[in-house]
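S.K.: My questions all concern the structure below.
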């Protein structure tokens, strides 16, 4: 499912345009599964599943599998509907160089919401 | 579509505020019992545009919203360029009372959202005799910081973009697209460091948890309206205030978020009208 991020983000021209100054590698942790997501000028260039021996990333977003599952429901409940809501509830941990994350916060919010059920590529 | 004017009139008011000359932008519409509206942190009085365009409301109320200093079309005071803006409870309270005096408002209903929802708890506690009724939107006694506020004001993060992105999820997911993005646009237009300076009051200085139970609603009625998708001031936090203040009336607004009057005015006004009617029914009893 996480692999679909590439197709879904890259198909959204407006989202890619907003990310045109963004090139980075970030870690997404869904329960015990890790994913490295590489972004080049707003396009998702690769989504790689771990485990990794020596992963390099600018920042990491880590949450339990069930929290991501709630976030990725088509119509999430209050408290599960936004990355900042997960952070407020202390279930999503953001760490690393968060300048990259915060300077492009709308991009990351909208990109990860692309994995919601019912979102077309 | 032919051009038309809204009933809203905006003017600039020059006054002495907090001991310094200020130039403030004030909008109003309608006639009747004054309803003074306080905007959220990092935004401005445009959040109340729908109320000031609502025929039933402006037929009964003089609806007034001012942009706080540093916000919207109000200027920061001279000398601002060498200062760090940080809002405190005392400044905020004094500002509201001084503006009420300048506008010659006698016992207005005051309605505030978010930081405005917090300060009205201070007002009802400390100055109940000055108000006909208090309406707190997204009002809680305290919010713990949940992100590093420094990201709101630093040169390698665009202030307008990050402020809007921080609060975007506070808009209810089903809010009309036009109103959602109008609401976020106001955040994108805020001056550097202003949202952060407001949050000094919201998350640090304005904590009223230890005193909120002392509010006496027999001296001034208190109504609380909160949106269910708000994770900044959660419904639980509003209900906690309601539980500790005897006589406070609280309603959780389905589907709405942190900016009810701006993100989904139609849904919000559906909740507001019964409150205004109740205030008007009980007028003169106190």
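Residue numbers (our numbering), protein chains in the order written: chain A, 105 to 225; chain B, 45 to 330. All C-beta atoms in this analysis are idealised placements derived from N, C-alpha and C, irrespective of residue type, glycine included.
Going straight from the alpha carbon of residue 244 (chain B) to that of residue 259 (chain B), what length do you get?
M.R.: As a first step, residue 244 (chain B) must be located in the second chain, where it is residue number 200. As a first step, residue 259 (chain B) must be located in the second chain, where it is residue number 215. The straight-line gap from Cα to Cα measures roughly 23 Å.
S.K.: With a cut-off of 7 Å, does the C-beta of residue 182 (chain A) fall near any C-beta of chain B?
M.R.: Walking along the first chain from the start, residue 182 (chain A) turns up at place 78. Yes - at least one Cβ of chain B is within 7 Å of the one on residue 182 (chain A).
S.K.: Is it the case that the Cβ atoms of residue 209 (chain A) and residue 85 (chain B) are separated by a distance below 7 Å?
M.R.: What you label residue 209 (chain A) is simply residue 105 of the first chain in a count that begins at 1. What you label residue 85 (chain B) is simply residue 41 of the second chain in a count that begins at 1. Cβ distance not < 7 Å, so residue 209 (chain A) and residue 85 (chain B) don't count as in contact.
S.K.: List, in order along the chain, the chain B residues whose C-beta lies closer than 7 Å to that of residue 138 (chain A)?
M.R.: Looking up residue 138 (chain A) in the first chain gives position 34. Correct list: empty, because the minimum Cβ distance to chain B is about 23 Å.
S.K.: What residues are listed by DSSP as bridge partners for residue 59 (chain B)?
M.R.: Taking the first residue of the second chain as 1, we reach residue 59 (chain B) at position 15. Residue 59 (chain B) pairs with B:66.
S.K.: I'd like the list of long-range same chain contacts for residue 324 (chain B), defined as Cβ closer than 8 Å, with 5 residues on each side in sequence excluded.
M.R.: Here residue 324 (chain B) corresponds to residue number 280 of the second chain, with the count starting at 1. Closer than 8 Å at the Cβ level, and outside the excluded window around residue 324 (chain B), lie 77, 104.
S.K.: Let's test the definition: count the other Cβ atoms within 10 Å of the Cβ of residue 317 (chain B) and tell me whether it reaches 16, buried, or not, exposed.
M.R.: The residue labelled residue 317 (chain B) in the question sits at position 273 within the second chain. Under this definition residue 317 (chain B) is an exposed residue.
S.K.: Let me see if you follow: with CB-CB separation under 7 Å, is residue 209 (chain B) close to chain A or not?
M.R.: Within the second chain, numbered from 1, the residue matching residue 209 (chain B) stands at position 165. With 7 Å as the cut-off, residue 209 (chain B) counts as an interface residue toward chain A.
S.K.: Taking the DSSP output, what are the residues bridged to residue 130 (chain A)?
M.R.: As a first step, residue 130 (chain A) must be located in the first chain, where it is residue number 26. As computed with DSSP, residue 130 (chain A) is found in a beta bridge with A:141, A:163.
S.K.: Starting from residue 284 (chain B), trace the alpha helix (DSSP H) in both directions and tell me its first and last residue.
M.R.: Locating residue 284 (chain B) in the second chain gives position 240, where the first residue counts as 1. Start and end: 279-288.
S.K.: Can you confirm whether residue 63 (chain B), when its beta carbon is compared against all beta carbons of chain A, has any partner nearer than 7 Å?
M.R.: Against the second chain, residue 63 (chain B) aligns to sequence position 19. Using a Cβ-Cβ cut-off of 7 Å, residue 63 (chain B) does not count as an interface residue toward chain A, since no Cβ of chain A sits closer than that to its own.
S.K.: Residue 218 (chain A) CB to nearest chain B CB: under 7 Å?
M.R.: The sequence position of residue 218 (chain A) within the first chain is 114, counting from 1. Residue 218 (chain A) does not count as touching chain B.
S.K.: For residue 200 (chain B), which of A:110, A:125, A:112 has the nearest alpha-carbon?
M.R.: The count along the second chain starts at 1 and reaches residue 200 (chain B) at position 156. Taking only the C-alpha atoms, the option nearest residue 200 (chain B) is A:125.
S.K.: Could you tell me the alpha carbon to alpha carbon distance between residue 158 (chain B) and residue 302 (chain B), rounded to whole angstroms?
M.R.: Along the second chain, read from residue 1 onward, the residue named residue 158 (chain B) stands at position 114. Along the second chain, read from residue 1 onward, the residue named residue 302 (chain B) stands at position 258. Residue 158 (chain B) and residue 302 (chain B): Cα-Cα distance of roughly 7 Å.
S.K.: Under 7 Å between the Cβ atoms of residue 88 (chain B) and residue 116 (chain B)?
M.R.: Position 44 of the second chain, counted from the start, is the residue given in the question as residue 88 (chain B). Position 72 of the second chain, counted from the start, is the residue given in the question as residue 116 (chain B). Yes, the Cβ-Cβ distance between residue 88 (chain B) and residue 116 (chain B) is below 7 Å.
S.K.: Tell me which residues of the region 81-113 of chain B have at least one Cβ-Cβ distance to chain A shorter than 9 Å, keeping chain order.
M.R.: none
S.K.: Which residues does DSSP pair with residue 297 (chain B) in a beta bridge?
M.R.: Against the second chain, residue 297 (chain B) aligns to sequence position 253. Answer is B:271, bridged to residue 297 (chain B).
S.K.: Going by DSSP, name the residue or residues bridged to residue 110 (chain B).
M.R.: Start at 1 with the first residue of the second chain, and residue 110 (chain B) comes out as number 66. Paired residues: B:70.
S.K.: Which residue marks the beginning of the alpha helix (DSSP H) containing residue 258 (chain B), and which one marks its end?
M.R.: Numbered from its first residue, the second chain carries residue 258 (chain B) at position 214. Careful: residue 258 (chain B) lies outside any alpha helix (DSSP H) and carries neither H nor E.
S.K.: Distance cutoff 7 Å, beta carbons only. Does residue 189 (chain A) sit that close to anything in chain B?
M.R.: Indexing the first chain from 1 puts residue 189 (chain A) at position 85. Chain B contact via Cβ: present.
S.K.: Can you have a look at residue 161 (chain B) and say buried or exposed, based on whether 16 or more other CB atoms are within 10 angstroms of its CB?
M.R.: In the second chain, residue 161 (chain B) corresponds to position 117, counting from 1. Its Cβ being crowded by 16 or more others within 10 Å, residue 161 (chain B) is buried.
S.K.: Verify whether the separation of the beta carbon atoms of residue 251 (chain B) and residue 214 (chain B) is less than 7 Å.
M.R.: On the second chain, position 207 is the one that residue 251 (chain B) refers to. On the second chain, position 170 is the one that residue 214 (chain B) refers to. Cβ distance not < 7 Å, so residue 251 (chain B) and residue 214 (chain B) don't count as in contact.
S.K.: Going by Cα to Cα distance, which pick from B:133, B:203, B:193 is closest to residue 170 (chain B)?
M.R.: Reading the second chain from its first residue, position 126 is the one you call residue 170 (chain B). Ranking the options by Cα distance to residue 170 (chain B), first place goes to B:133.
S.K.: Taking 7 Å as the CB-CB cut-off, is residue 241 (chain B) touching chain C?
M.R.: Absent from the structure: chain C. Protein chains present are A and B.
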